[in-house]
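Chains as they are written, first to last, in my numbering: chain A, 6 to 420; chain B, 42 to 345. Working notes for the structure below.
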Amino acid sequence: MHDASIEQSDRVLLKRQMAAALRRQKVRAVMLVAPLLFFILATFVYPITGMLVQSAYTPEFAAEMPRTARALAGWNEPEHLPPEAVWEALVLDLQESQQRGAAGKIAAAMNIELPGTRSLVMKTARKAGRLAPPYRQALVSTDDGWENAEVWSTMKRLSDTVTARFYLAALDHRIDAQGRISAQPESRQIYIPLFLRTFLIGAVVTLCCLLLGFPVAYWLSILPMRYANLLMILVLLPFWTSLLVRTTAWIVLLQNQGVINSLLVWSGVISDGNRVQLIFNSTGTVIAMTHILLPFMILPLYSVMKTVPPSYMRAARSLGANQFTAFIRIYLPQTQAGVAAGCLLVFILSLGYYITPALVGGESGTLISNMIAYHVQKSLNWSLAAALSTLLLASVLLLYWAYNRLARADGLRLG
Amino acid sequence: MSLPAYAQRWERVWYYLFRVFCILVLLFLVLPILIIIPLSFNAEPYFTFTEGMLRFDPTAYSLRWYLDMFENGMSNRDLPAGSWGWLVQAWQDGQWIHSAKNSIAIAAGATVLSTVLGTLAALGLSQSTMPAGRLIMALLISPIIVPIIVTSASLFFLFSKLGLANTYLGIVLAHTVLGTPFVVVTVTAAMTGFDRSLIRAGQMLGAPSHVIFFRVIMPLILPGVISGALFAFGTSFDEVVAVIFLADYEQRTIPRQMWAGIREQISPTILAVASILVVLSIALLTVVELLRRRSERLRGMRPS
């Protein structure tokens, strides 16, 4: 009896100690991961969240022009000019923003929404200090641009702190003065055609990579190991070479006075007068991107093909299938996972390409990334850049999710 | 797999056509990279082989673009190449030298940061007790998948508010974000073959945990750590999009200067720089490949 109770308490003690040890281990594991997790949250997740916010949340106008924003909230007749109280609010706000030196910012924001209003705002802001009531007359005599009701409805739109207008713009839609959403006329659509081109070029590059990569991966997988390792270096070398070096190489090869055209002229295929335009168009983008992304197709294909037992093919042949049938019905289905993974990987990577299209793409070979960079650096329409980035990010994450499902099913993870 | 004796004629044709096709694809992969090396010795400012080069005329080849690589940006270009004054000037004023110094400093900073953070995280993630391990792993690897333009633009928006844009620290942080996934992946891979009973053996023999870490775990996973670090270094050294967004002229790196050179006016000096980078990447590839084999040997795997 006595011994049994000691045993009992020992067991409880042991259990408790075990739980404590496990907890310590858990804490240690979490502590090891914590620094990187914190770093990634701070310098990757947080900025991207900030970008998402920026694409839909624009408090700047309402903060700079508080009276106008409040006054315009009560004005709901976009066909008519607003009442005197709104004009007064505008003059007071412009006076203050001129003193703060913020008028330029407001003018720039206005100009993005309604081109041509920059000078209207700047001019009025400079003179705002000298204006006296009745403000409507005073403003109209300063610049009759204020008689345009569209200017006021634009300001009303800008006063909204939460807005979908950048997403609408990114999808080639616009809001008119009456607040109706309509598609841009075909000739003025920019972003949807660009998204479509990005997807199309991505698909063409993926297809080219598959057509070139599949045979090579198959060959490498059936070669004896020492030859395969040697040839694998030829696949890995481009993988390790700087992206800019490879792009430079293609510029050198493809340009009008470059190696390929010179070779064609020298061999007499074409005359010196009509050299082929291979670069600064979508052809150049496709060639260079295929070259750059081909290793990303070959490597997953190779790792899947390595696992396919060659005896299956031999069995099929001995059962009477010819080489072609055995390949289509026996070999190909077993490489499906590798094909899907490689294609998705190449397609995902090609969607976000920036450097290569910018350098070899010319006018017809640029992608959505180039437009994002343009809005960040040149037009300074950061919210539109953020909306475009969000759309790109969403499509990539969707594909990555699909990739992971495939990869998990087949034990093929990235890296 | 050689051709069996009973193969029919079309099988023979197919066999050779297939191999020719594969060799052509492999050449397509490698030749464009290798072709710029001879072109960088061109004596003329052209991007194609001159007739003299094809005849192997020694006067058609020169080192002038390699020389220009050092002298570009020098105020006094009359100094004899290789003299002490020339070297000092190249070190101080050379445009490409300046970019190289930046590239190495930034890549070194990013490598140290991402190797330390990534290795620690991989050690934690490879423990079975780690809660939500799969989710955290997916999050830590996501910088590879998110388009670099999206990462760079959002970092630019944030850093320009924090005053980190156009600083070395900003670029190092951005490159660390891009480099850590590689370290996490390679070190985790090295840990999968790691025999945990070795740790218990060390504990039983009375070793404190820091001794176990440095004398048992570290030597075994070192190849993984080093190749992760090399990946991180290579990523940073090659990265240009984040630099375009986050760096000023003062912080320009080699890829950034190449980018500017290609956009404005492409001179064969870029080919000379590119050739040197190709040689460097061959060296890097060799080291990583050797490390991979060593790591597999250490873990008792068959080399593959």
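Each residue gets a CB set at the ideal place from its N, CA and C atoms; glycine is no exception. None of the values given here were measured: they were computed from a predicted structure.
In the DSSP assignment, A:Ser187 falls within the beta strand (DSSP E) that extends over Ile186 to Ala188. Contacts between B:Ile147 and chain A, judged by CB atoms closer than 9 Å, are missing: the closest CB pair is about 15 Å apart.
Collapsing the DSSP output to three states places A:Asn116 in a helix. The beta carbon of A:Lys31 falls within 7 Å of a beta carbon belonging to chain B, placing the residue at that interface. Interface criterion met: the Cβ of A:Met56 is under 7 Å from a Cβ in chain B. Boundaries of the alpha helix (DSSP H) around B:Ile147: Gln136 to Leu166.
Residues of the region 176 to 196 of chain B with a C-beta atom less than 8 Å from some C-beta of chain A are Ile177, Ala179, Leu180, Leu181, Ile182, Ser183, Pro184, Ile185, Ile186, Val187, Pro188, Ile189, Ile190, Val191, Thr192, Ala194, Ser195 and Leu196, listed in chain order. When 8 Å is used as the limit between beta carbons, B:Gly275 is near these residues of chain A: Trp245, in chain order. If you draw a straight line from the Cα of A:Ala390 to the Cα of A:Ile360, it comes to about 17 Å. For the region 147 to 164 of chain B, the residues whose beta carbon sits under 7 Å from a beta carbon of chain A are, in order, Leu158, Gly159, Leu161, Ala162 and Leu164. Just measuring C-alpha positions, the residue of B:Tyr209, B:Tyr57 and B:Pro188 sitting nearest B:Asp289 is B:Tyr209.
Cβ atoms of B:Pro222 and B:Leu181 come within 8 Å of each other, at about 6 Å. A direct Cα-to-Cα measurement between B:Arg60 and B:Glu112 gives close to 47 Å. Against chain A, the beta carbon of B:Met232 has no neighbour under 8 Å; the closest one sits roughly 12 Å away.
Counting only unbroken stretches of 4 or more residues, the alpha helix (DSSP H) elements lying wholly within the region 193 to 250 of chain A are 196 to 227 and 230 to 245, in sequence order. Per DSSP, B:His216 lies in no beta strand (DSSP E) segment; the continuous alpha helix (DSSP H) that holds it begins and ends at Tyr209 to Thr233. Nearest to B:Ala162 by alpha-carbon distance, out of B:Gln130, B:Val228, B:Thr152 and B:Ala146, is B:Val228. For the region 289 to 373 of chain A, the continuous alpha helix (DSSP H) assignments of 4+ residues that do not extend past its boundaries occur at 315 to 323, 328 to 331, 341 to 356 and 360 to 365, in sequence order. At least one beta carbon of chain A lies nearer than 7 Å to the beta carbon of B:Phe88. Taking 7 Å as the cut-off, the Cβ atoms of A:Phe66 and A:Leu125 do not count as close. Boundaries around B:Ile76 are those of the alpha helix (DSSP H), Arg50 to Leu80, since no beta strand (DSSP E) includes it. Short of 8 Å from the beta carbon of A:Ile353, and not among the five residues preceding or following it, lie these beta carbons of its own chain, in chain order: Val401, Leu404, Tyr405 and Tyr408. Boundaries cannot be given for A:Ile275, as no beta strand (DSSP E) includes it and DSSP labels it neither H nor E. Checking the DSSP bridge columns, you'll see A:Arg179 partnered with A:Ser187.
DSSP places B:Trp106 in the uninterrupted alpha helix (DSSP H) bounded by Arg105 to Glu112.
Listed along chain A is no residue with a C-beta nearer than 8 Å to that of B:Trp106; the closest approach is about 13 Å. Taking 7 Å as the cut-off, the beta carbon of B:Trp106 is found closer than this to the beta carbon of B:Ala313. Just measuring C-alpha positions, the residue of A:Gln22, A:Leu411, A:Arg410 and A:Ala378 sitting nearest B:Phe197 is A:Ala378. Counting only Cβ-Cβ distances below 9 Å, A:Thr203 has no contacts in chain B at all, with the closest Cβ about 11 Å away. Within chain B, Pro188 and Ile190 have C-beta atoms less than 7 Å from the C-beta of A:Ser374, given in sequence order. Your pair A:Trp255 and A:Ala293 checks out as a contact, with CB atoms roughly 4 Å apart and the cut at 8 Å. The three-state reading of DSSP puts A:Val167 in strand, counting E and B together.
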